[in-house]
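So the structure is just underneath, and the comments pick up after that.
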Amino acid sequence: MRKMKKWKKKRVVAVLLTLLVLLQFPADFGSVAHAAQKKEIRGTISVASNISQQDMQQYLDGVNKKYPGIEVKYQSYSDYDNEVSKQIQDRDYPDVLFVPGSVPGAFTTGKNCRFCLQSWILITLSLSMIRLDTPEEMRR
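Take -11 as the starting number for the sequence shown in this note's numbering and just add one per residue.
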């Protein structure tokens, strides 16, 4: 039981750290000097996890308090592995998500595989921000 709570805390901290890192980038990716002149950061970021809304709410409230111009759209799924796999296949996924142990197989199949994902690493999948060299199977 204690071990599960420890992992839950680590996952919550990982999600929050990723959110804070992403919130540090200017929305228009303009010059750093230009971004520093802005008074308030505004935008929306979508996050998915298997951590319940109730367990995550205090952290989401903290982000909203520190960054009032940022709207965090948080989604928790009870059948997380299947839901995330479906979203990735449909190319309709959130900006930030956990990659469960069953999903990396989809990224590592095929002879053209260029990268591997380990179980439970937190990554951003916003292809508008990052270009990933995806296997041919994932481009269809």
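Note that the Cβ used here is the ideal one computed from N, Cα and C, for glycine as well.
The Cβ-Cβ distance between I39 and K(-3) does not fall below 8 angstroms. With a cut-off of 8 angstroms on Cβ pairs, the region 73 to 87 is in contact with the region 34 to 54, counting three or more such pairs. With respect to the 8 angstroms criterion, V51 and V60 are classified as neighbours on the basis of their beta carbons. Just so you know, the alpha carbons of Q63 and I29 end up roughly 22 angstroms apart. Taken through DSSP and simplified to helix, strand or coil, E59 comes out as strand.
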